[in-house]
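**Q** If you scroll down you'll find the structure; I have some questions about it.
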Amino acid sequence: MSRPPVPPESPRRFHAEPLVLVLRHLEAALASGAVSIEVPDPDLGHGHYPGERVGPEGGLVHRPLRSWCDLAEGLACRLRTPRGVDATHVRLTFEPLGAEAPWHAGSGEGERSESPQERYGAASAFARVRKFEDAGFLLPWLEAVERLRLPPGARVLDLGVNRGDELAAFEWVEGAKDARFVGVDHSASALAEARVAFPDARHAFVQADLNALPAGLGRFDAVVSVGTLQSPGVDDRALLRKLVQEHLEPRAALVLGFPNSRFRDGEVVYGARVRNLREPDLSLLVKDLSFYRRYLHQHGFRTFLGGKYDLLLTAVRGQPSDGSDEDGPPQD
-17 MSRPPVPPES
-7 PRRFHAEPLV
3 LVLRHLEAAL
13 ASGAVSIEVP
23 DPDLGHGHYP
33 GERVGPEGGL
43 VHRPLRSWCD
53 LAEGLACRLR
63 TPRGVDATHV
73 RLTFEPLGAE
83 APWHAGSGEG
93 ERSESPQERY
103 GAASAFARVR
113 KFEDAGFLLP
123 WLEAVERLRL
133 PPGARVLDLG
143 VNRGDELAAF
153 EWVEGAKDAR
163 FVGVDHSASA
173 LAEARVAFPD
183 ARHAFVQADL
193 NALPAGLGRF
203 DAVVSVGTLQ
213 SPGVDDRALL
223 RKLVQEHLEP
233 RAALVLGFPN
243 SRFRDGEVVY
253 GARVRNLREP
263 DLSLLVKDLS
273 FYRRYLHQHG
283 FRTFLGGKYD
293 LLLTAVRGQP
303 SDGSDEDGPP
313 QD
């Protein structure tokens, strides 16, 4: 007896087809909106590598849930929570993401701020983002802070501090809990939130333009700046030179973060995008990182590059090596 015809709206079921065929199916179907497919349950392949045969008589190809998440991200989709269908398959639904967050375009669309200084202020769309509730941001940042090896009572300068989210991580890292913070930002409303989050009189938060740092800041054991140096209007190279020459202690360290992602419809999407280009292009990011590493090496720093959605360049000077694969000053 032949099987009854499958209704057109039923999700297509995959068993052992190459992933590229799944990709092509999704690309075509997503033109009409969200699409569901049925795929082998990733839990059946515990301990197997992607592409290995699993299931009854080895008739299924294993792909971990991480692979499906990566596929959704590459297609600019939201992957809905997988739903079990039967003993061997789960249903995955790919939903196209909406527009990029307004702060990426610089148009101010959807913003409630009244001035350029408040583009990232407490009333902006950006204020909804809590990056360190995403493991892709949190784990690399904790690793970077641990690399700093701060002395007791270290002074830490945060450029583009906003409300101070990244400073909270210092309280979670052994040896950095008693750091004293100086945060600089141009948003008065964001700084007001930072002062509430860090009420201790040891900390100071200053409203200023990064191109004209106020006099009297002094020297610091560490400088951190995430997602700020490449902002329009910031002369990042002049700022870096000023930091190294005027504001760093001899055994100081830096953590500099460079965005390698965008936000769309509440989701983070991997890959930096140059304005006026539709696809991610990392060439400018690589160029900037090359300059930073070369300059820091020339001034005696060892560097380490990590991170995912933010690429984090950690630089330390005058500290003993722990035998890791950090890059030292060039030998030529």
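Numbering of the sequence shown is given in this note's numbering, commencing with residue -17 and proceeding in unit increments. Built from N, CA and C at the ideal position, the CB exists for glycine as well.
Leaving aside the five residues before and after A297 along the sequence, list all residues of the same chain whose C-beta is less than 6 Å from its C-beta, in chain order.
**A** If we look at A297 and ignore the five residues flanking it on each side, its Cβ neighbours are L236, L278, F283 and T285.
**Q** Taking 8 Å as the CB-CB cut-off, is F163 touching chain C?
**A** Checking the listed chains, one finds no chain C in this structure; it contains a single protein chain.
**Q** Quick check for students: name the residue ranges of the beta strand (DSSP E) that lie wholly in the stretch 188 to 214, counting only runs of 3 or more.
**A** Those beta strand (DSSP E) runs which fall completely within the stretch 188 to 214 and span 3+ residues are 202 to 208.
**Q** For V78, write down the residues that DSSP places opposite it in a beta bridge.
**A** It is Pro, not Val, that sits at residue 78 in the sequence shown. In the DSSP output, where bridge partners are listed per residue, P78 has C59.
**Q** G80 and R246: beta carbons closer than 8 Å?
**A** Cβ distance < 8 Å, so G80 and R246 count as in contact.
**Q** Contact defined as beta carbons within less than 8 Å: I believe G300 pairs with P232. What is the distance between those atoms, to the nearest angstrom?
**A** Their Cβ separation, rounded to whole angstroms, is 6 Å, which keeps G300 and P232 in contact under 8 Å.
**Q** Do you know offhand how far L173's Cα is from L47's?
**A** L173 and L47: Cα-Cα distance of roughly 40 Å.
**Q** Taking just the CA atoms, how far does R(-6) sit from F114?
**A** Rounded to whole angstroms, F114 to R(-6) spans 37 Å at the Cα level.
**Q** Go through its chain and collect everything with a Cβ distance to E249's Cβ below 7 Å, but skip five positions before and after it.
**A** Result list for E249: R60 and L79, in chain order.
**Q** Taking the alpha carbon of A204 as the reference point, which residue from G165, G253 and T210 has its own alpha carbon closest?
**A** Answer by Cα proximity: G165.
**Q** Of all the options P262, S169 and R129, which has the alpha carbon lying nearest to the alpha carbon of G146?
**A** Looking at the Cα atoms, S169 is the closest of the given residues.
**Q** Mind checking which residues open and close the beta strand (DSSP E) that includes Y252?
**A** Its beta strand (DSSP E) spans residues E249 to Y252.
**Q** Taking only three categories from DSSP, how would you classify F108?
**A** Three-state result, F108: helix.
**Q** Please name the residue, chosen from L53, K159, G103 and P22, that lies closest to D167 on a Cα-to-Cα basis.
**A** It is G103.
**Q** Under the three-state reduction of DSSP, which class applies to S49: helix, strand or coil?
**A** Note: S49 maps to helix in three-state DSSP.
**Q** CA-CA distance, R62 and E20?
**A** Each residue's alpha carbon lies about 13 Å from the other.
**Q** Rounded to whole angstroms, what's the CA-CA distance from R94 to P22? Just pull it up for me.
**A** Its pLDDT being 49, under 50, R94 is placed unreliably in this model, and the value from its coordinates should be taken loosely. Rounded to whole angstroms, R94 to P22 spans 46 Å at the Cα level.
**Q** What separation, rounded to the nearest whole angstrom, lies between the Cα atoms of P214 and L192?
**A** Cα to Cα, P214 sits roughly 11 Å from L192.
**Q** Can you tell me where the alpha helix (DSSP H) holding D160 begins and where it ends?
**A** It is not in any alpha helix (DSSP H) - D160 carries neither H nor E in the DSSP assignment.
**Q** Note down the Cα distance separating T75 from G56, rounded to an integer number of angstroms.
**A** The alpha-carbon atoms of T75 and G56 are separated by roughly 15 Å.
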